[in-house]
Structure formats: C-alpha cells, structure tokens
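Protein chains in written order, with our numbering: chain A, 10 to 377; chain B, 10 to 377. Beta carbons are placed, not taken as given, at the ideal position from N, Cα and C, and that holds for glycine. Bear in mind the structure is a predicted one, so any value in this text is a computation, not a measurement. These notes concern the structure reproduced below.
Set out below in structure tokens:
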C-alpha cells in the first residue's frame, strides 16, 4: 500500500472520500449543523441535522458525535444555534440564551474538557457582542465557532507533524477507541500521527482494539483505516496483551479526553490497561491530544470526573440482550492513566516528554 | 446474601435449580447425550440431544458445550455414541469405530487437552473390551465415560475445598470466561472455589469480565452467579485493569485449557492480560483446573497449540455486523500465561504453589 505518491515526507495528507464528521451548512443566521451519525457506522453513512441546542445536546449525549475535539466543535456550533433562536432579543435575553445553551451543552458529558472550553469561548464572544446589532453579534458568535473548527483542523495537522517521527519506520501500532477524523474536525489526534507517518513513507500496521462497550475501534477506527487503505487488524480488547507478548506491537498511541496538570490522562476505558501492559512489555505509550485537552485546574487524575454510562451499553450493546436481566453492571466510560506510564504527549504545540508538570506548563502555559 | 444456612464451613454446597450442563439419558445401548445449549444462554434454556458422534462434534465445535472439563465428558460420551452404531460389529470394526469416533472428536478443538485425555480413556477401554460380548463391551465403554463424568464432579468439589482457603474472608474476586457449572459436570473449577468459599461464610463480590468475543462471562458466569445469589458485577474486559487500580479486586481466579510441564497455562484470550495486570497491582492470580488439564509432554507454553477462530465471532458476534466488511481480524481463542505470574494452581489433588516443574511433577506425577 506504500505507492510512490505516499512516500515523500512532503506529500499532502491522504484525502480519502470520507464524509466530514461535522459541517455548518448555510449562513450563520439560518444555517444548521450537519453531523455524520456515528452510531450508524460502519453499516450506514447517515447524517443528522441539528437546528436547535437540544438536537446537539442529544447528539453528544447519545454519541452520534463523539471524540473530545469533535464534541468541542459541535458544542460551539450548538451555542450558535441557541443564539439564532433569540436573534433579535435584547442584550440581556441574548446573554441569558448564550448561558443557557452553554450550560445545557456542558451538561451532556462530564469528562472531555474540550466541551467546556469550546462552549465558553463562544459564550464569551456572545457576551462581549451582546450590545452589537443582531446580525453582527450572531456573525461574531458563529465566527468563533468556525474558528474553533478551523483551529481544530490545523491542530490535527500539527499533531501529525510532531508525532510522525515518534513512529517506527516499520512495525505495529496499537490504538484504542477512535482518535481519528471521526473524533475531530480534521485528521484526528492519535490517527493523525499514524496518517502523517504513513504519508512520510513509514510502513505501519495498525492493531485496532474493538473498544467495548460501544465498539468505536471496530466500527469507526477500522472504517477510517480501510477508507485510507492503511493495513489494519481488528482484535478484541483483551487480546491486546497477547499481541504485545507476540511482538506484533512496537508502539501504542491513543487520544485523550482530559489531561491534568501533572499529565495524568483520562481517556476511553481500557487506556489504562494498555499503558500498564505497554510498560510491562517495554513498548512506548503515547497520547496525542490538543492543548485544549489539558485542564490545569486539576492537579492530578484523581480530580477528573469519570462518566459512568448506562448498563445497557454493556448488556444490550448489539441490538439484543447478551447478559442476564438482573446482573449488576459497572460501566465507567473512561479511566485515568498515570503520567509516569506515558512516554510523551503529542500536542499541536510540540511533544511533551518526559510527561512532568514543568514540561506541561512550558508547552501549555496559561493559555489553556 | 449470607443467610444463616450458608455460614457454616460444613454446609453443603449451594444447590440451585441450575439445569445440568450435560447428562446421559437412557441405557448405554439406546441412550443419548443431552447438552444444555450454551449458545442460547442466558436468554433461553434449550437442550441439544446428541445421538451420533457428529452431533457431539458439532456441539463442541460450535461451543454449545464448552469449558475444558465439560468438553472432555461430552467427548467421552461421544465415543460411546460412535460405538452404539457398531454395537454388534466384529472386534476389528468395533475398534475402528472407537478410533474413528475418537479422532473425529479430537479434531474439534485443538487447545483444551482434557478432550484428548477423555476420548483416549474411552477408546482404550473399548479396545480392551473389543472381544467381549456386544452388550458387555458397550456397557464397559459407557461406564468409562460415566466414570469420567463422576470423577469430574468429585474433582470440582475437591478443587473447591482446596481453593476456598485462598480466598479472602471479604473482598472482590475477579474472574474471566466461565469456569463454573457450565464448564464442568460439577460445580466448576474457578467458580467452585468461589462457591466453596461462600458456602464457608466468606463474603465475596465477584467481578465478571464479559469475555469477548463470545461473552462467556456476560452470558454464562453472570447467569450462574445470579442463580446462586452470589453478588456479582459485570464489566467489559478492558475495565479489569481499572477495577484493580480502584482497589475493588483482592484476588483473581480463572480456569485453564492446558497447562505445560513448567506451569505455563493456556486459557481464554484475556487471561494473560489479567495475570500481567495482577502482577502490576500486587494481586494474587490463581488458576483452578483438574490434573487432566496438565500436558506434561509440553515443556512450556510455546509448545501449546493456540486455536484461532473465525473473524465473524468478533465482527458479527451479536446477530448483526459491527465492523466493516473488509477488515482483517486476528481472533486467537486462547493465550498463554507464564508460570511465574501464577501464584498457585488449584487442582483436585491439592494446590501447586509456587508453580514450578518440581512441584507440578510431585502433585501431578505420571498419571496424567
């Protein structure tokens, strides 16, 4: 699959016919947010048009859009939809609508911090512009959301550039959940690194954890990699240790939902397992995430709230019941990987390694 | 759940209304093997009646009956069914039929060694009895199968007795796959230890790995534990590390499909993961298995053949497709846990600890 067009480090990123994860259609004043409904993948490419705050909140809550950066962009546009509805209202009502939309969207999922960061950006712009003429203030709020989307795309490209040199020239890369195009407005975070490495001529074989309970690896990452013609093999999550033991994996890379000031990283349940097993098997474990994923108000991972999701995701995740009705289920959506198990965190501003508070402050600073 | 009737160490094992995993119905000459069809659990209790060798082979291959000891007992009766069909044949034809049945059954699954051990026992008796009158030789072959079944039941009880003292008085026990009633003719191996500990008054909470791809934990172990009213919580496999990190697990116990002379243990994919993570979290990891699980002809785990099963178990395991059509899948049914990660192996003859070749030889000897 390494044809000539992909061997130059300067070649553009692969541009497959993958439909956009999200896009704003129409003007700021009458337009709407179109989401690729990820709950239907890989069997169907269906879109979900969101015209109200509640539509976006439902889409985030039910994982039609997921992945920390994509959630952030979708929620930013969600605030814009809330403002559309009060387009001609007085400044106070306009500000209240911005607050209400932001709060509604922030309540959808507790762990990914990009969500709060993105809605706050749009809310602040809306507040600052509240006294401006109706068309102008809506245009400014929309422009902030659009800027977040564009920054996200640029962030993915920068993460790819910073991370590709950390990939081996040839070998196996294990990843978990989906940290690709479908998790961002661009090429992804963890997968952007793989895409950039392949574009630079590296010969990688990706091992994809299926990622129970919702199978983002099997449904989304496998689909993305097939679209881009990158060699990939799907495994059940509990086989990850065995493929490491068999020597099939030279590096592990995942995304992140929130990173504390000391580098402790919340990500999809199973990430902590991989990081511990990587350590045991002397395999480098990397996290790829934008600077907006850092939450410097949390000293360490113990301060990060972990979302618990419904038992039915585990017991009825496939359209039919696969466990006894009365069984108790513990279904944390995320776990926390201690900083010391992470070889490096690849951000759009550069690679943080070793993962230590001082290095994090230097790269992330106060701007997050 | 610890009512008074269960607090005495001398109380009988719990006797819930669990249907038997397998039973021979009728006489040796015209009877048949009835299996609880485990592919239908937990939604339906259906039985599968096997009247021909091929019925048993199909049931083993398709996991209607599974679990190393139960496979052995079913296969032993399978040889009897093969002999029924040549009940009045000459000695040579009778012996050939025994060989053919044994070979057909042995070809169903490559990893669990109890299968080969059990069919060989019945084959040998059939060979020895070939010159006897038809009714007598069939009776003797059947009697050997029945003996294997009864030994299996006694084995489970002995494993429970030997293992219960290794369980904490109170705390979390993690298990993987199903090593209970449904995997044996009796109370199980790993679960027999838990049942015996609970019967002795210990207050255990069982964490059940769902065990992808075929969900034996979610479908079978959760069901067994509910039937016996033992507190249990279902988790996805990749959450096992996190529940260890959270301090919820004080001991881990699994069954085994084959154990090499040095103690390396093949068991359901994911067992190696648990053993490594147990080591990392300083949690004791035990294996419970009958002496018939040892294969002293294999020096270590590298010599144990590992069955690879169909991709569809991973991609279509729930009645509908959950991964893209063209994705490559690696689906080993088992992995191998190195002896040094196992705190002890609980057999019907006693506990082997530390797990070292000399201790194994002493307990298992040449009789396996």
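| query | Straight-line CA distance for residue 351 of chain A to residue 366 of chain A? | reply | 13 Å
| task | Kindly indicate which three-state DSSP category residue 125 of chain B falls into: helix, strand or coil? | result | For residue 125 of chain B, the secondary structure class from DSSP, reduced to helix, strand or coil, is helix.
| Apart from the five residues on each side of it in sequence, which residues of its chain come closer than 6 Å, Cβ to Cβ, to residue 62 of chain A? | 87, 90, 91, 110, 113
| Just how far apart, CA to CA, sit residue 54 of chain B and residue 100 of chain B? | 40 Å
| message | Using beta carbons (cut-off 9 Å, strictly below), is residue 217 of chain A in contact with chain B? | response | yes
| How about residue 27 of chain B: is its C-beta nearer than 9 Å to some C-beta of chain A? | no
| query | Hey, which unbroken runs of the alpha helix (DSSP H) at 4 residues or more fall wholly within the stretch 206–252 of chain B? | reply | 231–236
| field | Those runs of the alpha helix (DSSP H) which lie wholly inside the stretch 319–345 of chain B and span at least 4 residues | value | 321–324
| residue 82 of chain A to residue 119 of chain B, Cα distance in whole Å? | CA-CA distance, residue 82 of chain A to residue 119 of chain B, rounds to 51 Å.
| Rounded C-alpha distance that separates residue 248 of chain B from residue 147 of chain B | 50 Å
| task | Name the two residues that bound the continuous alpha helix (DSSP H) containing residue 260 of chain A. | result | Taken as a continuous stretch (DSSP letters only), residue 260 of chain A belongs to no alpha helix (DSSP H), being part of the beta strand (DSSP E) at 260–263.
| Measuring CA to CA, which of B:35, B:165, B:270, B:139 is closest to residue 369 of chain B? | B:270
| message | Buried or exposed for residue 357 of chain B, going by 16 or more other Cβ atoms inside 10 Å? | response | buried
| When you compare only the Cα positions, how much space is there between residue 175 of chain A and residue 285 of chain B? | 26 Å
| Near-chain B residues of the stretch 273–307 of chain A - C-beta to any C-beta below 7 Å | 278, 279, 281, 282, 285, 286, 289
| task | Please report how far the alpha carbon of residue 204 of chain A lies from the alpha carbon of residue 255 of chain A, in whole angstroms. | result | 25 Å
| field | Residue environment, residue 78 of chain B, which counts as buried when at least 16 other CB atoms sit within 10 Å | value | buried
| query | Run through DSSP, which three-state label would residue 27 of chain A get? | reply | coil
| request: With a 10 Å radius around its C-beta and 16 neighbouring C-beta atoms as the bar for buried, classify residue 219 of chain A as buried or exposed. | output: Residue 219 of chain A is buried by the Cβ-count criterion.
| said: Which residues does DSSP list as the beta-bridge partners of residue 276 of chain B? | reply: B:344
| By Cβ distance, which residues of its chain are closer than 8 Å to residue 252 of chain A, with the 5 residues on each side in sequence left out? | 181, 183, 216, 244, 258
| By a C-beta neighbour count over all protein chains shown, 10 Å radius and 16 as the cutoff for buried, is residue 277 of chain B buried or exposed? | buried
| task | For residue 57 of chain B, count neighbouring C-beta atoms within 10 Å of its own C-beta (all shown protein chains included) and say buried if the count is 16 or more, exposed if not. | result | By the neighbour-count rule (16 or more Cβ atoms within 10 Å), residue 57 of chain B is buried.
| query | Which residues in the same chain as residue 363 of chain A place their Cβ atom closer than 7 Å to its Cβ, once the five residues preceding and following it in sequence are excluded? | reply | none
| Of all Cβ atoms in chain A, is any one closer than 9 Å to the Cβ of residue 332 of chain B? | yes
| Residues of its chain near residue 323 of chain A, where Cβ-Cβ distance is below 8 Å and the 5 sequence neighbours each way are ignored | 221, 222, 332, 338, 340
| message | For residue 140 of chain B and residue 149 of chain B, which I take to be in contact (beta-carbon distance under 8 Å), what is that distance rounded to the nearest angstrom? | response | Not quite, the Cβ-Cβ distance comes to about 12 Å (not below 8 Å), so this is no contact.
| task | Just grab the DSSP bridge partners of residue 59 of chain B for me. | result | B:42
| query | Which residues, taken in chain order from the stretch 236–258 of chain A, show a beta carbon closer than 8 Å to some beta carbon of chain B? | reply | 240, 241, 242, 243, 244, 245, 246, 247, 248, 249, 250, 251, 252, 254
| said: Once DSSP output is grouped into helix, strand and coil, what is the label at residue 289 of chain A? | reply: DSSP, read as helix, strand or coil, puts residue 289 of chain A in helix.
| field | residue 70 of chain A vs residue 117 of chain A beta-carbon contact at 9 Å | value | yes
| request: Just the C-alpha distance for residue 122 of chain B and residue 266 of chain B, rounded to the nearest angstrom, thanks. | output: 7 Å
| query | DSSP puts residue 32 of chain A in a beta bridge; with which residues? | reply | Looking at the DSSP assignment, residue 32 of chain A forms a beta bridge with A:43.
| message | Please return the same chain residues whose Cβ sits closer than 8 Å to the Cβ of residue 12 of chain A, not counting the five positions on each side in sequence. | response | Residue confidence for residue 12 of chain A is low, a pLDDT of 36 falling below 50, so the modelled location carries little weight; the figure read from the coordinates is stated next. Closer than 8 Å at the Cβ level, and outside the excluded window around residue 12 of chain A, lies no residue.
| query | With a Cβ-Cβ cutoff of 9 Å, do residue 264 of chain A and residue 76 of chain A count as a contact? | reply | yes
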